[in-house]
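Chemist: Can you read through this structure? Questions will come right after.
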Amino acid sequence: MGYIQRVVHYPSIRQSFVNDVYRQIGGHKTIQPGYLDLLLRIIGTATHVWSDIDVGGLFSSPAEAHSQTAQWFNAAYDVLYAGMSSPNLETIQGVIILSFLLCNLKGVSLRYRSLLSTGLLLGRELGLHRIDHNSDAGSANTLQAEMGLRVWLMAARHGGRGIYQVNPRHMMVNKPHNINDADLHEDSLHRDLPVSQLTEMSYFLQRVRMAEISRMIVDHDSVAVTDADWQSGYITAMDIELVHILTYIPPFFHLDRYKQGPNSTTSGVFIQAYMLSSLLHTARCKLHLRHFISGQKKENPPFYASSRVACVQAAREIVRGENQLNNSQHPFVLIRMRLSAILYGVFVASIVLLVDASVNGTGSPRTRSIMARWPRHCDYLRMQEATR
Numbered sequence: 001m002g003y004i005q006r007v008v009h010y011p012s013i014r015q016s017f018v019n020d021v022y023r024q025i026g027g028h029k030t031i032q033p034g035y036l037d038l039l040l041r042i043i044g045t046a047t048h049v050w051s052d053i054d055v056g057g058l059f060s061s062p063a064e065a066h067s068q069t070a071q072w073f074n075a076a077y078d079v080l081y082a083g084m085s086s087p088n089l090e091t092i093q094g095v096i097i098l099s100f101l102l103c104n105l106k107g108v109s110l111r112y113r114s115l116l117s118t119g120l121l122l123g124r125e126l127g128l129h130r131i132d133h134n135s136d137a138g139s140a141n142t143l144q145a146e147m148g149l150r151v152w153l154m155a156a157r158h159g160g161r162g163i164y165q166v167n168p169r170h171m172m173v174n175k176p177h178n179i180n181d182a183d184l185h186e187d188s189l190h191r192d193l194p195v196s197q198l199t200e201m202s203y204f205l206q207r208v209r210m211a212e213i214s215r216m217i218v219d220h221d222s223v224a225v226t227d228a229d230w231q232s233g234y235i236t237a238m239d240i241e242l243v244h245i246l247t248y249i250p251p252f253f254h255l256d257r258y259k260q261g262p263n264s265t266t267s268g269v270f271i272q273a274y275m276l277s278s279l280l281h282t283a284r285c286k287l288h289l290r291h292f293i294s295g296q297k298k299e300n301p302p303f304y305a306s307s308r309v310a311c312v313q314a315a316r317e318i319v320r321g322e323n324q325l326n327n328s329q330h331p332f333v334l335i336r337m338r339l340s341a342i343l344y345g346v347f348v349a350s351i352v353l354l355v356d357a358s359v360n361g362t363g364s365p366r367t368r369s370i371m372a373r374w375p376r377h378c379d380y381l382r383m384q385e386a387t388r
């Protein structure tokens, strides 16, 4: 899951973190709660997304691994609150990973929102909201500061939810550097690379931009305003922002680039391109959903019809991305339906396309093509149900 979760420094995890934890256990020493908490959550996430291609010998089947996820989750939850009195960066990293796991297990529940609030509270306690302030300039270009920026932005902008728990001024931190984890050292950082150059942080930075647009959509929306012109202006402005990202996203994140399937060097980037495409088109589909049915009525303003077209177009792109991933036979196919964000996008797109086909009939070639793919959409939903 490293290519969609960049909240920890993986070289440190592999080289020293795990060894330190087991060294403390072997020496019968007190284990730092933050370290143990983070380790438990990494293990819990691994069991949640375990598939047939993962290392054999640990579990007899993916179902056995999945059955243990709740146990690891509960253990991590207990450790979190046991070590709340002395939090560190690892504690917040663990909170973010745990919230990711919980959202995929239970959806956007009260417990999930509570975890996000806890992460934000601990982040403020550690001063992450001002980590790049001038008074901390001496430690700005360090591994600890860089990871602090990643953690704070992930906590503050996690999926666009809980965003009003953060003062806008506390979100005015610098973006993390566009560099690979191998170029992050304890006391120095390599030169920041341009956004057009692929790094391990490229996907994370695009997600930060998406979160900023999510904030804009919520900021400018108003259920109290019923004026049609205002509504159309608002939706058009937000749609322009989403289309701008889709148009000017770095070339290596264009899904069309991988029509022939990814190779061994582009495997992870292909999944990131798929995720960005799915999330952006889901956001666009949801934005236009309010006018989807109204757009069928000729007496409504022309904007309603164009909004309906945009909604259907976004739904088709979601389905196209799913088909492309499925045809690639990438290992990610085995676990993608255990990710709630993907399942939500497939569900919304399927409903939009089914309603559109029902209203407009099956006369056009494009509609017939959509209807022909419908059983496959149902297979996605059945596959998700079978993995729970």
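Going by the UniProt record's numbering, the first residue of the sequence shown is number 1, and it counts up by one from there. By construction, the Cβ of each residue, glycine as well, lies at the ideal position given by its N, Cα and C atoms.
1. Report all residues from its chain with a CB closer than 7 Å to the CB of Asn300; omit the five preceding and five following residues, and keep chain order.
2. What does the Cβ neighbour count give for Asn104, buried or exposed, with the cut at 16 atoms within 10 Å?
3. Taking DSSP as the reference, what is the three-state secondary structure of Leu193?
4. Identify whether Leu184 lies in helix, strand or coil by the three-state DSSP scheme.
5. Whose CA, out of Ser358, Met147, Ser67, lies closest to the CA of Thr45?
6. Taking the CB atoms as reference points, tell me whether Glu146 and His170 lie closer together than 8 Å.
7. Roughly how far, in whole angstroms, is the beta-carbon of Ala305 from the beta-carbon of Leu353, given that I think they are within contact range, below 8 Å?
8. Do you know whose CA, among Gly123, Ser202, Gly345, Ile42, lies nearest Asp89's CA?
9. Exposed or buried, Ser277, counting other C-beta atoms within 10 Å across all chains shown (16 or more means buried)?
10. Throw me the rounded Cβ distance for the Ile335 and Val49 pair, which I believe falls under 8 Å.
11. For the region 240-321, list the beta strand (DSSP E) runs that are entirely contained and at least 3 residues long, ordered along the chain.
12. Compute the Euclidean distance between the alpha carbons of Met337 and Leu343, then round it to the nearest angstrom.
13. Can you grab the Cα-Cα spacing for the pair Val7 / Ile96, in whole Å?
14. Could you say which of Ile92, Leu102, Pro262 lies nearest to Leu36 if we only look at CA atoms?
15. Val346: buried (16+ other C-beta within 10 angstroms of its C-beta) or exposed?
16. With C-beta atoms as the reference, is Ala283 less than 8 Å away from Leu242?
17. Where in the region 110-137 do unbroken runs of the alpha helix (DSSP H), each at least 4 residues long, occur, reported from the N-terminal end onward?
18. On the three-state DSSP scale, how would you describe Asp219?
19. Quick check on DSSP: helix, strand or coil for Ser60?
20. Is Leu279 near Ala341, with beta carbons less than 8 Å apart?
21. Determine the burial state of Ala63: buried for a count of at least 16 other Cβ atoms within 10 Å of its Cβ, exposed for fewer.
22. Could you check where the alpha helix (DSSP H) with Ile53 kicks off and where it finishes?
23. Compute the distance between the beta-carbons of Pro262 and Ile53, then report whether it is under 8 Å.
24. Do Gln165 and Ser117 have their beta-carbon atoms positioned less than 8 Å apart in this structure?
25. Whose C-alpha, out of Gly34, Ile131, Leu58, Gly321, is nearest the C-alpha of Ser86?
26. In this structure, does DSSP put Val333 in helix, strand or coil?
27. Along the chain, where does the alpha helix (DSSP H) containing Pro33 start, and where does it finish?
28. Check His170 in the structure and name its three-state DSSP category.
29. Please list, in chain order, all residues of the same chain as Thr199 whose beta carbon is under 8 Å from its beta carbon, the five residues on each side excluded.
30. By DSSP, does Leu339 sit in helix, in strand, or in coil?
31. At which residues does the alpha helix (DSSP H) containing Val151 begin and terminate?
32. Take residue 394 and list the residues in its own chain whose beta-carbon comes closer than 6 Å to its own, dropping the five residues that flank it on each side.
33. Using the three-state DSSP reduction, which class does Thr30 fall into: helix, strand or coil?
34. Ile245 and Arg215 look like a contact to me (Cβ under 8 Å); what is the Cβ gap, rounded to whole Å?
35. Give the single residue among Lys259, Ser196, Met172 whose Cα lies nearest to the Cα of Gln329.
Modeler: Taking the definition as stated:
1. If we look at Asn300 and ignore the five residues flanking it on each side, its Cβ neighbours are Ser294.
2. With 16 or more Cβ atoms within 10 Å of its Cβ, Asn104 is classed as buried.
3. Assignment of Leu193 by DSSP, reduced to helix, strand and coil, places it in the coil class.
4. In this structure, Leu184 counts as strand in the three-state DSSP scheme.
5. Taking only the C-alpha atoms, the option nearest Thr45 is Ser67.
6. Taking C-beta atoms as the reference points, Glu146 and His170 fail to come closer than 8 Å.
7. Separation of the CB atoms of Ala305 and Leu353 is rounded to 17 Å, and the pair is thereby denied contact status at 8 Å.
8. The amino acid occupying residue 89 in the given sequence is Leu; Asp does not appear at that position. The shortest C-alpha to C-alpha distance from Leu89 to any of Gly123, Ser202, Gly345, Ile42 is the one to Gly123.
9. Label assigned to Ser277: buried.
10. The beta-carbon distance between Ile335 and Val49, rounded to whole angstroms, is 4 Å. This is short enough to meet the 8 Å contact definition.
11. If we require 3 residues or more, the region 240-321 turns out to have no beta strand (DSSP E) run fully inside it.
12. One C-alpha to the other measures close to 6 Å.
13. Between the alpha carbons of Val7 and Ile96 lies a gap of roughly 8 Å.
14. Checked all of Ile92, Leu102, Pro262; the closest Cα to Leu36 is Ile92.
15. Sixteen is the threshold: when 16 or more other Cβ atoms of the shown chains lie within 10 Å of the Cβ of Val346, as they do, the residue is buried.
16. Cβ distance < 8 Å, so Ala283 and Leu242 count as in contact.
17. Runs of alpha helix (DSSP H) with 4 or more residues, each lying fully within the region 110-137, are found at 110-125, listed in chain order.
18. Correct three-state label for Asp219: helix.
19. Three-state result, Ser60: coil.
20. The answer is yes: Cβ separation under 8 Å.
21. Label assigned to Ala63: exposed.
22. Ile53 -> no alpha helix (DSSP H), and no H or E assigned at all.
23. No, the Cβ-Cβ distance between Pro262 and Ile53 is not below 8 Å.
24. It is a contact, given that the beta carbons lie within the stated cut-off.
25. By alpha-carbon distance to Ser86, the top candidate from Gly34, Ile131, Leu58, Gly321 is Gly34.
26. DSSP places Val333 within a helical segment (H, G or I) once states are collapsed to three.
27. Segment 33-48, the alpha helix (DSSP H) holding Pro33.
28. DSSP, read as helix, strand or coil, puts His170 in helix.
29. Annotation for Thr199: Asn178, Ile179, Asn180, Leu193 place their beta carbon closer than 8 Å to its own, counting only its chain and skipping 5 residues before and after.
30. Coil, per DSSP.
31. 143-156 is the span of the alpha helix (DSSP H), which, as asked, contains Val151.
32. No information on residue 394 is available, as it lies outside the stretch 1 to 388 that the chain covers here.
33. In the structure shown, Thr30 sits in coil (DSSP, three-state: anything other than H, G, I, E or B).
34. About 14 Å separates the two Cβ atoms, so there is no contact after all.
35. Comparing Cα-Cα distances from Gln329 to each of Lys259, Ser196, Met172, the minimum goes to Lys259.
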